[in-house]
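> Would you mind keeping the following structure in view while I ask a few things?
Number of protein chains: 2
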Amino acid sequence: MVRKTKEDAELTRQRIVNAARAVFLKRGVSKSTLEHIATEANVTRGAVYWHFENKTDIFHAIREQVFLPLIDSIDDTLTPVANSNDNPLNQIEASLCNTINDLSSNLEMRETYEIIMIKCEYVDEFASVLHQMLHNCSCIVEKLEAAYERAKAQGLLATPLSPRALALDTHLFFGGLLHMWIKDADGSRFRYQAIDLIKSHMNLRRKQN
Amino acid sequence: MVRKTKEDAELTRQRIVNAARAVFLKRGVSKSTLEHIATEANVTRGAVYWHFENKTDIFHAIREQVFLPLIDSIDDTLTPVANSNDNPLNQIEASLCNTINDLSSNLEMRETYEIIMIKCEYVDEFASVLHQMLHNCSCIVEKLEAAYERAKAQGLLATPLSPRALALDTHLFFGGLLHMWIKDADGSRFRYQAIDLIKSHMNLRRKQN
DNA sequence: TTATATACAAACAGGAATGTATGTAAATGA
DNA sequence: TCATTTACATACATTCCTGTTTGTATATAA
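Sequence order for the protein chains is V and Y.
The first sequence lines up with residues -11 to 197 when you count with our numbering.
The second sequence lines up with residues -11 to 197 when you count with our numbering.
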């Protein structure tokens, strides 16, 4: 059983990606070998080299499978709806909570995050990934700033701080939360209260009426 | 020139540690070889194996050299001074700013942080490091909570949020800031405004008088 | 002064991982 | 139907890293 149909081939490719995610998670990216991945996927290294150039290539495939949809999702929840009079602070809160809920319910996403955050060394070819992540951060901060700007215009803010400062504070808070959420694998420290932490964070800047 | 005096030996040991830091930073921990480290330190692998068991052992040496003093420093600035009537919110702010200033001025510390955050994969023997870091986090959160408790007692807080919630929010904010500070190697995005971000964060919870 | 332990250097042995080259049966297109 | 890709499996060559062992000149202690 050698030559497969196109659909079969695409299926093996996906099997390799899934196998790689499991192997990366277990052994870290650097110590993962193409042999490990091939074995986990029930193929030989030949198949892996057919579908991918090398390990880095597989890493990018894993990453894109999770991050491209994620960025879209964040964009969606934060983009102002033209004819909506919904509270922008609620939008921010919902966006953050959505991401946490996605992480909770989506194993693939959770594992990918874990690999990217604590199972990968950002050197050489991987350094570019860091730059991409920083760029994405800038975009998110801008969305947050715009939302806080709208909140300010609507008189919803309890603080004289600039929308920019609020956006950065929220972004850093959420970055820290994501890291802790991932590192707190047994869930005893941060995972269980993540949503509450987000709500507290947002309440801190809501004007009480 | 073989057998050295005890002082000479200690000096080579330190040279190896410094060399390892440089090599880890450049190539990531996993891809760093004892040969790389030995060459950088102008010794042979024989010397490295004499002073350390293996690569992990060197990693721990690097880590302890920076983290043990750091934890002490944080403890110092956050611990309540008995006869002091200093504003606890100022104490928190000073503690966070101190850490950032240390990072700015201390190359060794900065490089070590970078290695720990983005040049190391937390698998196998390194997984325990994560647990230690989580434990340290808990301790810091407790110190923060106590400080916010004092601030509340003194009526300094602008929010009805619990000291615990404030402590966690600050901790996550600062964790995120540290990550961004390190990743933002060229300093264009976060480094230059880190102190301002801390001040904004703290102002958000200061009662205006 | 001499025996011993120290602080390494140098040599050795072994496994492992990577990339490539080659083989091959079956799907696909003309 | 037949030539050509395709989708892999297998085999090969090479490089690299690790841990250990052995050798040795010299501090150091007795």
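Ideal Cβ placement from N, Cα and C applies to all residues, glycine included.
Quick one: residues in its chain with C-beta nearer than 6 Å to the C-beta of Y:Glu99, no 5 flanking neighbours on either side, listed in chain order?
Arg9, Leu13
> Given that V:Cys108 touches chain Y, what residues does it touch there, using C-beta distances under 8 Å?
Residues of chain Y whose Cβ lies closer than 8 Å to the Cβ of V:Cys108 are, in chain order, Glu109.
> Take V:Asp112 and list the residues in its own chain whose beta-carbon comes closer than 7 Å to its own, dropping the five residues that flank it on each side.
none
> Does V:Arg177 come out as helix, strand or coil in the three-state DSSP assignment?
coil
> Tell me which residues share the same chain as V:Met97 and place their Cβ nearer than 8 Å to its Cβ, disregarding the 5 neighbours each side in the sequence.
Val54, Leu58, Asp90, Leu91
> On a CA-only basis, which of Y:Phe178, Y:Thr158, Y:Leu144, Y:Glu109 is nearest V:Val129? Give me that one, please.
Answer by Cα proximity: Y:Phe178.
> Quick one: is Y:His48 near chain V, going by C-beta distance under 8 Å?
no
> Roughly how many angstroms lie between the CA atoms of V:Thr147 and V:Asp172, to the nearest whole one?
32 Å
> On the criterion of 16 or more Cβ atoms from any shown chain inside 10 Å, does Y:Lys(-8) qualify as buried, or is it exposed?
Only exposed fits Y:Lys(-8), as fewer than 16 other CB atoms lie within 10 angstroms of its CB.
> Which residue's Cα is closest to the Cα of Y:Gln120: Y:Leu166, Y:Tyr180, Y:Ala155, Y:Glu52?
Selected option, being the one with the closest Cα: Y:Glu52.
> Spatial neighbours of Y:Gly163 within its chain, please: C-beta separation below 6 Å, excluding the five flanking residues on both sides.
none
> Measure from the alpha carbon of V:Ala(-3) to the alpha carbon of each residue in V:Trp38, V:Ser20, V:Ala182, then state which is nearest.
V:Trp38
> Taking DSSP's pairing of strands, which residues face V:Leu145 in a bridge?
V:Arg194
> Ignore the nearest five residues each way along the sequence and tell me which others in Y:Gly16's own chain have a CB closer than 7 Å to its CB.
Lys107
> Enumerate in chain order the residues of its own chain whose CB-to-CB distance from V:Gln142 is below 8 Å, with the five nearest sequence positions on each side excluded.
Asn75, Pro76
> Give me the chain Y residues within the contact set of V:Ala135, using Cβ-Cβ distance strictly less than 8 Å, ordered along the chain.
Those within 8 Å of V:Ala135 in chain Y number zero; the least Cβ separation is about 17 Å.
> Quick one, are the C-beta atoms of V:Ile170 and V:Glu81 less than 8 Å apart?
no
> Between the Cα of Y:Lys195 and the Cα atoms of Y:Asp174, Y:Leu145, Y:Arg33, which residue gives the shortest distance?
Y:Leu145
> My output table needs one value for Y:Gly34: the three-state DSSP class, helix, strand or coil.
Note: Y:Gly34 maps to helix in three-state DSSP.
> Counting only C-beta atoms, is V:Met190 closer than 8 Å to chain Y at any point?
no
> Strictly below 8 Å CB to CB, what residues from chain V border Y:His167?
Gly163, Gly164, His167
> So which of V:Glu41, V:Ser18, V:Ser20, V:Cys85 has the shortest CA-CA distance to V:Arg1?
V:Glu41
> I'd like to know whether the C-beta atoms of Y:Ala29 and Y:Ile62 end up nearer to each other than 8 Å.
no
> Start and end of the alpha helix (DSSP H) containing Y:Lys107?
Y:Lys107 -> no alpha helix (DSSP H), and no H or E assigned at all.
> CB V:Leu132 to CB V:Thr158, shorter than 8 Å?
yes
> Give, in chain order, every residue of the segment 68 to 96 of chain V whose Cβ lies closer than 7 Å to some Cβ of chain Y.
Contact annotation: in the segment 68 to 96 of chain V, no residue has its CB less than 7 Å from a CB in chain Y.
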